[in-house]
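End of the sequence shown sits at 459 in our numbering; the numbers just go up one at a time, nothing left out. Even glycine gets a Cβ: it sits at the ideal position worked out from N, Cα and C. Below is one structure, written out as structure tokens, with a few remarks after it.
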Amino acid sequence: MSRAAPQNPKIGIVSLGCPKALVDSERILTRLRAEGYEIAPDYAGADAVLVNTCGFLDSARAESLDAIGEAIAENGRVIVTGCLGAEESVIRAAHPKVLAVTGPHQYERVMEAVHDAVPPVHDPLFDLLPPQGIKLTPRHYAYLKISEGCNNSCSFCIIPSMRGKLKSRRIDAVLKEAEKLAGAGVKELLVISQDTSAYGVDLKYAPFAWRDRPYETRFLDLARGLGELGIWTRLHYVYPYPHVDAVIPLMAEGRILPYLDIPFQHASPKILKAMRRPAHTEKTLEQISRWRSVCPDIAIRSTFIVGFPGETEEDFNLLLDWLEEARLTRVGCFKFEPVEGASANALAGAVPDSLKEERYARFMEAQQAISADILQGFVGRELDVLIDSVDADGAAGRSFMDAPEIDGAVILDGAQEVDPGDMVRVRITAADAYDLFGDIVRPGPDTARHAR
Ligand code: SF4
């Protein structure tokens with residue numbers, strides 16, 4: 008039986024400006040083609056026209072505005088991008104009818120504007136890409152990047168000098184992407200950035216609509232929006248600012264996973280100050296106990312650095328005491344190493360390698376005992392588990408406490424009747440320092456909203 012290809016929408020493109028703008032146009036064309044759009048050779052055959060503008064010289068700006076005017080006159084449905092797009096008010100003053108305006112290199116926003124103007128036709132037999140796009144993660148979980156760059160200046164880190172200041176994505180774009188991923192079968196979203204709790208500061212928390220409701224581009228609204236999707240949402244790289252408290256009730260209600268990845272890095276105020284950590288003055292133990300009073304099961308994961316320059320035995324013991332009291336579920340530890348270009352390299356008081364090793368071993372031993380004790384407390388309880396892999400010995404999955412790749416697992420010996428991506432209810436029968444062991448009691452998550 009022969010089958011006709013669906014009618015693909017056609018986009019016209021007018022590309023002005025320098026070679027960098029041309030590369031932008033090529034990238035946009037590649038994305039358009041990969042999503043099944045055809046490129047229209049003239050205005051008449053196009054469902055919408057994209058004008059990639061130049062804003063460098065006055066003459067180039069005039070040429071760009073003329074090109075937009077011509078496209079509106081000839082076709083009527085025009086999306087503007089490129090350098091002049093950074094000055095949306097200039098374009099809208101001259102051409103109020105343009106559908107959308109985006110700046111240079113904003114491929115994602117251009118594609119969103121195209122989707123809004125001319126929705127793509129997805130056909131699994133003809134399309135190159137699945138509807139959720141190409142993901143490097145297994146189909147049942149996906150990373151959701153909410154921003155690039157960082158406004159902090161931690162002394163051991165060179166990311167801000169490599170990636171620049173914080174640039175947040177608009178909340179409607181993030182929520183639409185999350186919705187698309189959920190619609191494509193993704194069961195777990197892992198929110199990532201360099202500083203998730205600072206999300207939206209650079210956009211002054213600008214409000215946008217999603218599902219006909221207003222959301223501000225900020226951490227709390229992001230968690231609220233993602234909590235509407237009915238799949239697991241896991242928050243990474245959150246700093247312990249006071250405003251983080253506001254998301255804990257969403258965890259207690261089962262809207263997002265009761266999991267917070269907070270890179271505390273140390274507990275000694277002196278070392279945190281030398282590290283120039285964000286929120287280093289917060290009283291973190293009090294904050295953790297406040298969170299637990301709202302959401303008792305909250306799993307807190309963190310990373311720490313031992314052997315930072317100037318770390319004395321007293322600082323290190325303070326860290327161990329803090330660890331005992333904080334009782335974090337998941338912990339990673341690194342021995343300090345200078346990174347080329349980081350300001351911490353110039354700090355006095357380098358810790359000898361042998362001492363770093365010794366502190367690392369003491370730290371890991373202390374945390375193993377804590378983690379084993381916490382996990383032991385889950386024996387006899389039931390948890391929702393998302394299956395990651397199945398082999399001849401059984402299946403392995405993760406509970407709300409386990410982010411993929413970095414945390415532990417729930418081992419289901421002999422379980423064969425499941426597939427990766429299935430959510431099952433598991434009775435926990437045993438635990439060690441990192442993993443839980445259990446039996447499936449029934450398919451599907453608990454009827455109460457996800458998680459515990
Ligand atoms: S370590 Fe500090 S400076 Fe580096 S990305 Fe994280 S918050 Fe930003």
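Within the same chain, ILE178 and TYR222 come within 7 angstroms of ASP228 by CB-CB distance, once the 5 residues on both sides are set aside. If you ignore the 5 residues before and after MET282, its C-beta comes within less than 8 angstroms of the C-beta of CYS161, SER162, PHE163, GLN272, HIS273, ILE312, PHE315 and ALA351, all in its own chain and listed in chain order. The way I'd put it, the stretch 390 to 408 doesn't touch the stretch 339 to 357; fewer than three beta-carbon pairs between them come closer than 8 angstroms. Across the set ALA100, GLY52, VAL97 and LEU91, the C-alpha of GLY52 shows the shortest separation from the C-alpha of GLY83. Per DSSP, the unbroken alpha helix (DSSP H) holding ALA74 starts and ends at 65 to 81. Taken in chain order, the whole alpha helix (DSSP H) runs of length 4 or more contained in the stretch 305 to 368 are 320 to 333. Its chain contains PRO16 as the residues whose beta carbon lies nearer than 8 angstroms to that of PRO126, once the 5 sequence neighbours on both sides are disregarded; these appear in chain order. In this structure, the CA atom of ARG38 is about 47 angstroms from the CA atom of ILE381. With a cutoff of 9 angstroms on beta-carbon distance, LEU393 and GLU260 are scored as not near each other.
Residue pairing by DSSP places PRO450 opposite VAL431 in a beta bridge. For LEU233, the uninterrupted alpha helix (DSSP H) run begins and ends at 226 to 234, by DSSP. Under the 10 Å beta carbon count, VAL301 is surrounded by fewer than 16 other beta carbons and is classified as exposed. Shortest Cα-Cα distance from ASP123 to any of PRO285, ALA107 and GLU332 involves ALA107. By the Cβ test, the stretch 143 to 152 is not in contact with the stretch 61 to 77, since fewer than three Cβ pairs between them sit closer than 8 angstroms. Cα atoms of VAL208 and VAL448: separation of roughly 45 angstroms, rounded to the nearest angstrom. With contacts defined by Cβ atoms closer than 9 angstroms, GLY445 and ILE418 form a contacting pair. Judged by their CB atoms, GLN14 and VAL128 are nearer to each other than the 9 angstroms cut-off. Secondary structure of GLN272 (DSSP, three-state): strand. Counting other Cβ atoms within 10 Å of its Cβ, GLY24 reaches 16 or more and is therefore classed as buried. Secondary structure at VAL254: helix, using DSSP grouped into helix, strand and coil.
For GLY190, there is no enclosing beta strand (DSSP E); the residue is found in the alpha helix (DSSP H) stretching over 178 to 190.
Segment contact: the stretch 197 to 214 against the stretch 234 to 253, three or more CB-CB distances shorter than 8 angstroms; contact assigned.
Taking the C-beta atoms as reference points, SER204 is found nearer than 9 angstroms to TYR248. Taking the CA atoms as reference points, GLY110 sits about 13 angstroms from GLU119.
Sequence-distant partners of ASP439 (beyond 5 residues in either direction) whose C-beta falls short of 8 angstroms from its own C-beta, in its chain, are ALA379 and LEU382. Inter-residue distance for GLN294 and ALA180 is about 31 angstroms (C-alpha atoms, whole angstroms). Under the criterion of beta carbons closer than 8 angstroms, PRO285 and ASP202 qualify as touching, at roughly 7 angstroms. ASN159 has its CB nearer than 8 angstroms to a heavy atom of ligand 1. Per DSSP, the continuous alpha helix (DSSP H) segment holding LEU292 begins and ends at 291 to 301.
Cβ atoms of LEU292 and ALA333 come within 8 angstroms of each other, at about 6 angstroms. Beta-bridge analysis with DSSP links VAL108 to VAL87. Taking all protein chains shown into account, ARG231 has 16 or more neighbouring C-beta atoms within 10 Å of its C-beta and is therefore buried.
Short note on CYS340: C-beta not closer than 8 angstroms to any heavy atom of ligand 1.
Put simply, the stretch 164 to 176 does not touch the stretch 425 to 442. Fewer than three CB pairs are less than 8 angstroms apart. Looking at the backbone, the Cα of ASP54 and that of LEU36 are separated by about 15 angstroms. Take the alpha-carbon of PHE323 and the one of ARG366: they are about 8 angstroms apart.
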